[in-house]
Amino acid sequence: MRVLAPYCGDPRLDRIATGRERSLFDADVAARAGELAEGIEGRRVLVLGGAGSIGAASVQLLLAYRPAAVHVVDTAENALAELTRDLRSRAGPAIAAELRFLPLDLGSAAMERVLRGERKYDLVLDFAAQKHVRGEKDLPSLLQMLDTNVLKTRRLLRWLNAYGHSARCFCVSTDKAANPTSLMGASKRLMEQVLFHAAGDFEAANAARFANVAFSNGSLLQSFLIRVSRRQPLAVPRDTRRYFISAQEAAQICLLAAIVAPTCRIVFPKLDPKRHLRPLLDVAQATLAHLGFHAALYEDPEAARGSVEREIARGAYPVLVTALDTSGEKPYEEFVSAGEVASEIGLQALCAVRHDGPSARELDAVLEFLEQAVNDARVPLGKAEVVAALAKVIPGFEHVETGRSLDDRI
245 MRVLAPYCGD PRLDRIATGR ERSLFDADVA ARAGELAEGI EGRRVLVLGG AGSIGAASVQ
305 LLLAYRPAAV HVVDTAENAL AELTRDLRSR AGPAIAAELR FLPLDLGSAA MERVLRGERK
365 YDLVLDFAAQ KHVRGEKDLP SLLQMLDTNV LKTRRLLRWL NAYGHSARCF CVSTDKAANP
425 TSLMGASKRL MEQVLFHAAG DFEAANAARF ANVAFSNGSL LQSFLIRVSR RQPLAVPRDT
485 RRYFISAQEA AQICLLAAIV APTCRIVFPK LDPKRHLRPL LDVAQATLAH LGFHAALYED
545 PEAARGSVER EIARGAYPVL VTALDTSGEK PYEEFVSAGE VASEIGLQAL CAVRHDGPSA
605 RELDAVLEFL EQAVNDARVP LGKAEVVAAL AKVIPGFEHV ETGRSLDDRI
């Protein structure tokens, strides 16, 4: 069995998921190298959620442009420690930038203390998010997701403005924010609205919607490697295709969106469904082939769990094929919502939509409802009330509730 490094960013894994030998965005990065350098070299950068897959890749790319300081914030203490080790252990010249790694919550009083005491940040990149559709499985989990994805972002933007960090601000979104059917997607759509309602306080404010980052932390593809290492069956939804980008491509999108794109844009990649949508079962089979196995398909979970050693003995590995029938899941991916119009922004592989959201009054009313719901456990509340509140400010939001959760299956 071939051993693969079980982390995002391995080029061998990237090729398996994306089918590409090189980044789709290399040409844009090269063409806009001067603008990227001007926006980063000698600048002070704050990266929130910087120890996750996209954040860590973006920090690595940032350092190539010689910023004066990069301060990385993340609640994942172990991931933050590993990012520190990784950056300090890399071959080549020592990192000249002032690096700080802060195990903080972006919405905490400790975070406000940092912003109050630090010199002006020229660029703020926010990757902090709860990204799993399964986060809507129950009301407490849903409220935590809304607190992280929406309310803490709102608080952060206010602090940035209050303490003079009002240059460029970028927040990562998701393709699931376009015509959302999940509450996770709706939460990121609401985050976009919060960002752009505060855009007047910043030199530039942008977001990016993009697809699945190959083998990123917590992803289905990463779980393939973990399942094999633990001799457990893989699981793949039937007849499901997804767009994949590498961690390097994700970082390139984020920096181009943050620095090069016009303000108040939601940037997304120009991906062709015929060329770039990958069947998940094909990716699972290719991953197993790279590990030295061929796939043995199962439809019964118990049979799949009990077959691992027998299948390994004959050079195979069990893959459980499941229905795509859990709450909030979409059978396809898209980047543009109904009513939005994609426009060119002078980049070969990226385009954008302009933000077009509710009035400040409508948005504030929903946000105050969520603040009360999140911060006062005595408020009587059900999931339906949260869905109804979000629908008031998210056009076309049609939540798909099936009563099934990914937590109930492999």
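Converting from the sequence shown to the working numbering requires adding 244 to each position, the first position being numbered 1. Ideal placement from N, C-alpha and C gives every residue a C-beta, glycine not left out. All values derive from a computational prediction rather than experimental measurement.
Opposite residue i in the DSSP bridges: which residues?
i	result
F345	V316
F488	N456
P513	L594
A505	Looking at the DSSP assignment, A505 forms no beta bridge with any residue, so it has no partner.
T566	P481
R412	L367, A448
S587	A596
V244	Missing from the structure shown is residue 244; the chain here goes from 245 to 654 and no further.
H538	A560
L521	Y487
With a threshold of 6 Å on Cβ separation, who are the neighbours of residue i within its own chain once the five nearest residues in sequence on each side are excluded?
i	result
A373	N393
V527	A261
V585	none
L383	K627
M245	In this prediction, M245 scores a pLDDT of 45, lower than 50, which makes its location untrustworthy; no coordinate-derived value is stated.
K375	none
S410	D445, F446
F345	V316, L324, T328
T531	I260, F468
E443	Checking the sequence, you will find Ala at residue 443 rather than Glu. So the list reads A449, C508, once near-sequence residues are dropped.
Leaving out the 5 sequence neighbours to the left and right, which residues in its chain are closer than 8 Å to residue i when beta-carbon positions are compared?
i	result
S551	P477, A540, Y542, P562
F414	L367, V368, L369, D370, A449, N450, A451, A452, C498, A501, A502
A560	F537, H538, A539, A540
Compare the C-alpha of residue i against each of the options and name the closest.
i	options	result
E380	A530, L427, K518	L427
L634	G444, A430, L348, S460	A430
G296	A340, D370, E265, S473	D370
A335	R357, G351, Q304	Q304
L500	H315, E265, E282, G601	E282
A479	A547, G361, D391	A547
G590	R276, L268, D254, R266	R276
K432	A494, G462, D391	D391
K364	G408, R332, L346	G408
R402	L532, R471, H441, S417	H441
C595	F613, D516, K574, L564	D516
G536	E573, L469, E578	L469
A521	E612, V472, E577	This sequence places Leu at residue 521; Ala is not what is there. Comparing Cα-Cα distances from L521 to each of E612, V472, E577, the minimum goes to E577.
D318	P347, A301, T328, V580	P347
V377	A593, D569, A495, I556	D569
R287	S302, A300, L307	L307
E326	A338, A301, P337	A301
M389	L614, F446, S603	L614
I339	V314, P255, K518	V314
D445	T418, V472, R471, L400	L400
L611	A421, T531, Q437	Q437
CA-CA distance, residue i and residue j?
i	j	result
G293	R558	43 Å
F512	V291	20 Å
E588	V597	9 Å
D330	R485	33 Å
P506	A323	33 Å
A353	L464	34 Å
E321	V289	20 Å
S460	I298	8 Å
A312	A341	5 Å
V247	R360	The predicted model places V247 with a pLDDT of 40, which falls under 50 and marks its position as unreliable; any figure quoted below should be read in that light. Those two C-alpha atoms are separated by around 47 Å.
R509	E606	21 Å
V631	H643	7 Å
T566	N423	24 Å
T646	M355	38 Å
L404	L387	24 Å
L439	A609	16 Å
L268	E279	19 Å
G601	I638	8 Å
V457	L525	17 Å
E629	R264	44 Å
V623	R482	40 Å
A249	S333	With a pLDDT of 41 at A249, under the threshold of 50, the modelled position of that residue is not reliable, and the figure given next carries that caveat. Roughly 17 Å between the two C-alpha positions.
H534	R474	17 Å
M435	A455	17 Å
S417	A582	17 Å
R412	V316	16 Å
F579	D544	34 Å
Q496	E553	41 Å
S603	L625	25 Å
P255	G640	38 Å
Can you list, in chain order, the residues of its chain with a C-beta nearer than 7 Å to that of residue i? Leave out the 5 residues immediately preceding and following it.
i	result
Q529	A539
Y309	L280, A281, I284, E285
D272	L500, L591, Q592, A593, L594
Does residue i get closer than 8 Å to chain D when you measure Cβ to Cβ?
i	result
H599	The chain inventory of the structure shown lacks chain D, comprising one protein chain alone.
Inter-stretch contact (C-beta, 8 Å, three-pair minimum) for the segment 254-273 and the segment 479-499: With a cut-off of 8 Å, the segment 479-499 and the segment 254-273 count as touching, because enough Cβ pairs lie within range.
Touching by the beta-carbon criterion (3+ pairs, under 8 Å), the segment 389-409 and the segment 606-619: yes
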